[in-house]
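Peer 1: Below: one structure in structure tokens.
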Amino acid sequence: MTQPLRPGRRGLAALATASLLLPAAACTSSAPRADTIRIGLLVSLTGTYTTVGQDMQRGFRLYLDTHDKKLGGRTVDLVVADEGDGPATAVPAAQKLLERDRVVAVTGLVGGATVDKVQTLTTQRRIPLLGANARPAFGPVAGKPRDLAYTWHTSYNSDEPGIAIAEHVKAQVGDGAVYAIGPNYQGGWDELRGFTDTFTKLGGRLANPDGKTLFTPFPATENFLPYLNKAAESEPKAVYTFYAGGASVAFVKQYRQSDLRSVPLYAAGFLTEGPVLSAQGAAATGIRNVLNYSPTLANAANQDFVAAWSAAGHPGQPTTYAMASYDAAAVLDRALSAVDGQVTGEKLNAAIGQVGRVVSPRGDWQFHPREHRPVQRWYLREVKPDGPVLSNMVVQDLTTLPAN
Numbered sequence: 001m002t003q004p005l006r007p008g009r010r011g012l013a014a015l016a017t018a019s020l021l022l023p024a025a026a027c028t029s030s031a032p033r034a035d036t037i038r039i040g041l042l043v044s045l046t047g048t049y050t051t052v053g054q055d056m057q058r059g060f061r062l063y064l065d066t067h068d069k070k071l072g073g074r075t076v077d078l079v080v081a082d083e084g085d086g087p088a089t090a091v092p093a094a095q096k097l098l099e100r101d102r103v104v105a106v107t108g109l110v111g112g113a114t115v116d117k118v119q120t121l122t123t124q125r126r127i128p129l130l131g132a133n134a135r136p137a138f139g140p141v142a143g144k145p146r147d148l149a150y151t152w153h154t155s156y157n158s159d160e161p162g163i164a165i166a167e168h169v170k171a172q173v174g175d176g177a178v179y180a181i182g183p184n185y186q187g188g189w190d191e192l193r194g195f196t197d198t199f200t201k202l203g204g205r206l207a208n209p210d211g212k213t214l215f216t217p218f219p220a221t222e223n224f225l226p227y228l229n230k231a232a233e234s235e236p237k238a239v240y241t242f243y244a245g246g247a248s249v250a251f252v253k254q255y256r257q258s259d260l261r262s263v264p265l266y267a268a269g270f271l272t273e274g275p276v277l278s279a280q281g282a283a284a285t286g287i288r289n290v291l292n293y294s295p296t297l298a299n300a301a302n303q304d305f306v307a308a309w310s311a312a313g314h315p316g317q318p319t320t321y322a323m324a325s326y327d328a329a330a331v332l333d334r335a336l337s338a339v340d341g342q343v344t345g346e347k348l349n350a351a352i353g354q355v356g357r358v359v360s361p362r363g364d365w366q367f368h369p370r371e372h373r374p375v376q377r378w379y380l381r382e383v384k385p386d387g388p389v390l391s392n393m394v395v396q397d398l399t400t401l402p403a404n
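For the sequence shown, counting from 1, position 106 maps to 106 in UniProt numbering; every step adds exactly one.
Shown next as structure tokens:
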């Protein structure tokens, strides 16, 4: 029987002075030293989702620093590359990681559109991609199922937050209509589709005049007031949305200034996740949202994780971005422990498939056998005061996804 994977607790005292957000490693040779393995961390270092990329890097480095900077007993040479705002930046960065840096695995990836392109490259080279943020619901290619043999995620499919919260929203609004709004790019399409498809199947009705989600230009939209005031004309019983990063700050503040200010706002949890919540301030209070993690979860693994985060001197509370990247390092740690001799992409990928149950800050989870994403719980959260700060407090469990 596979033993549960659980993070260790070593090295917390040293973390208070550790600098975890270091520049990308300088690579002067075509291959790592014999006593090291090279891992590629591809995250947004620039662009709209820089704060998300920073937290993902913090989470991965936090695991390394509490495990003697080793995974599976091997010293790690972590090569950090910039995903930017999408494939135009991410694809050449991924090619460098694979071709010049010769990494044995790629992790990170903020955006679903990036995952869609990069997973083609990693699959061709038989290098495992262990994504730690959004991924699209991969459709068939040329009529054939997508090859996901080398594609894994410690996060979620991008449509899952909306699927998880739809039944709760339907129960709250009854026969009332919900207005759906989000950003016009792959992540926005996936996030809103998950909600609207599930909500309407449950008998829910969209307040949008054409019965379709309103998508705002991405990343250009900074003034949401015209869209919000127009939405108010449909007199919705509630609003559902997805925004993240800098756009979420503008959206939340302007929502409270708009004609929708008294209408309940529901969202994928990224709207109020991490540093953006501090920037939103009181305007975020009362927003109900859905996510696979909250720093207020009362389990031992989360208590250890939050303590390590605080000891490292990181700002605020740990986020789902940091948690999923931390879990990616934990999965690699366990998988690499099972690899004998020289580490190759093929060996490492096979070992990832045998990791089994993961004891995580979010609660226990394991990979879906076909889709290679977590089977995990989703939580309803509400932004409330937690002592002197605002926090995404867990209200209740919603569901476990994927269901089968």
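Glycine is no exception: its CB is placed at the ideal position from the N, C-alpha and C atoms.
Since this is a predicted model, take the numbers as computed values, not measurements.
#1: Distance, Cα to Cα, SER360 vs ALA307?
#2: Just checking LEU390 against the ligand SAM - is the residue's beta carbon closer than 6 Å to any of the ligand's heavy atoms?
#3: Leaving out five residues before and five after GLY47 in sequence, what residues of the same chain have Cβ atoms less than 6 Å from its Cβ?
#4: Could you spell out the range, first to last residue, of the alpha helix (DSSP H) harbouring LEU271?
#5: Three-state secondary structure (DSSP) at LEU22?
#6: Just to check my reading of the structure: THR107 and LEU64 have Cβ atoms closer than 8 Å, yes? What is that Cβ distance to the nearest angstrom?
#7: Using the C-alpha atoms, what's the distance from VAL375 back to ALA403?
#8: Can you give me the Cβ contacts of GLU346 inside the same chain, cut-off strictly under 6 Å, excluding the 5 residues immediately before and after it?
#9: Any idea if LYS170 is buried or exposed, counting beta-carbon neighbours within 10 angstroms, 16 or more meaning buried?
#10: Assign THR399 to one of three DSSP states: helix, strand, or coil.
#11: Do ALA132 and SER325 have their beta-carbon atoms positioned less than 7 Å apart in this structure?
#12: Using the DSSP secondary-structure output, state which residues sit across from GLU382 in a beta bridge.
#13: For VAL173, collect the residues of the same chain with a Cβ closer than 6 Å to its Cβ; drop the 5 residues on either side in sequence, then sort them by chain order.
#14: Report the option in GLN124, VAL252, ASP210, ASP197 whose CA atom is closest to the CA atom of ARG261.
#15: Can you confirm whether the segment 264-284 touches the segment 295-302 when touching is taken to mean that 3 or more C-beta pairs between the two stretches lie within less than 8 Å?
#16: Less than 7 Å between the beta carbons of ASN157 and ARG377, yes or no?
#17: Decide if the segment 382-397 is in contact with the segment 180-198; the criterion is three or more beta carbon pairs, one per stretch, under 8 Å apart.
#18: Confirm, please, whether the CB-CB distance from ARG205 to ASP159 is below 7 Å.
#19: Which two residues bound the contiguous alpha helix (DSSP H) that contains PRO87?
#20: According to DSSP, simplified to helix, strand and coil, what is LEU225?
#21: Enumerate in chain order the residues of its own chain whose CB-to-CB distance from LEU398 is below 7 Å, with the five nearest sequence positions on each side excluded.
#22: I'd like to know whether the C-beta atoms of HIS314 and ARG58 end up nearer to each other than 7 Å.
#23: Can you pull the DSSP bridge partners for GLN376?
#24: Please look up how many angstroms separate the CB atoms of THR320 and ASN292, rounded, as I've assumed it's under 8 Å.
#25: Using the beta-carbon count (16 or more within 10 Å), is THR241 buried or exposed?
#26: Do you know offhand how far LEU148's Cα is from VAL118's?
#27: By DSSP's criteria, HIS67 is part of a beta bridge. Which residues make up the other side?
#28: Can you tell which of GLY162, PRO161, LEU109 has its C-alpha closest to the C-alpha of THR151?
#29: How many angstroms separate the CA atom of ASP210 from the CA atom of SER234?
#30: Would you decide whether PRO388 is buried or exposed? Buried here means 16 or more other CB atoms lie within 10 Å of its CB.
#31: Just to confirm before moving on: does the CB-CB distance between ALA328 and PRO161 stay below 7 Å?
#32: Report the three-state DSSP secondary structure of SER29 (helix, strand or coil).
#33: Would you tell me roughly how many angstroms separate the C-alpha atoms of THR296 and ASP340, rounded to the nearest one?
#34: Excluding sequence positions up to five away, which residues of its chain have a Cβ less than 7 Å from the Cβ of THR114?
Peer 2: Reading it off the structure:
#1: 14 Å
#2: This structure lacks the ligand SAM, and indeed carries no ligand of any kind.
#3: GLY84, ASP85
#4: Taken as a continuous stretch (DSSP letters only), LEU271 belongs to no alpha helix (DSSP H), as it is neither H nor E.
#5: With a pLDDT of 43 at LEU22, under the threshold of 50, the modelled position of this residue cannot be trusted; read the value that follows with caution. Here LEU22 sits in coil by DSSP.
#6: Not quite, the Cβ-Cβ distance comes to about 12 Å (not below 8 Å), so this is no contact.
#7: 8 Å
#8: The beta carbon of GLU346 sits closer than 6 Å to those of ARG126, all from its chain and outside the five residues before and after it, given in chain order.
#9: buried
#10: strand
#11: yes
#12: ARG288, MET393
#13: Excluding residues within five positions, the ones whose Cβ falls inside 6 Å are LYS237, ALA238.
#14: VAL252
#15: No: fewer than three Cβ pairs fall under 8 Å.
#16: For ASN157 and ARG377, no; Cβs fall outside 7 Å.
#17: At 8 Å Cβ cutoff, the stretches do not touch.
#18: Not in contact: ASP159 and ARG205 (Cβ atoms no closer than 7 Å).
#19: 87-99
#20: helix
#21: ALA164, ILE165, HIS168, VAL290, TRP378, TYR379, LEU380
#22: yes
#23: LEU401
#24: With a contact defined as Cβ atoms closer than 8 Å, THR320 and ASN292 qualify at about 6 Å.
#25: buried
#26: 12 Å
#27: DSSP lists no partner for HIS67.
#28: LEU109
#29: 11 Å
#30: exposed
#31: no
#32: Confidence at SER29 is low in this model, with a pLDDT of 44, below 50, so its placement is unreliable and no value can be given for it.
#33: 39 Å
#34: For THR114, where only same-chain residues beyond five positions count, the Cβ hits under 7 Å are GLU83, GLY86, PRO87, ALA90.
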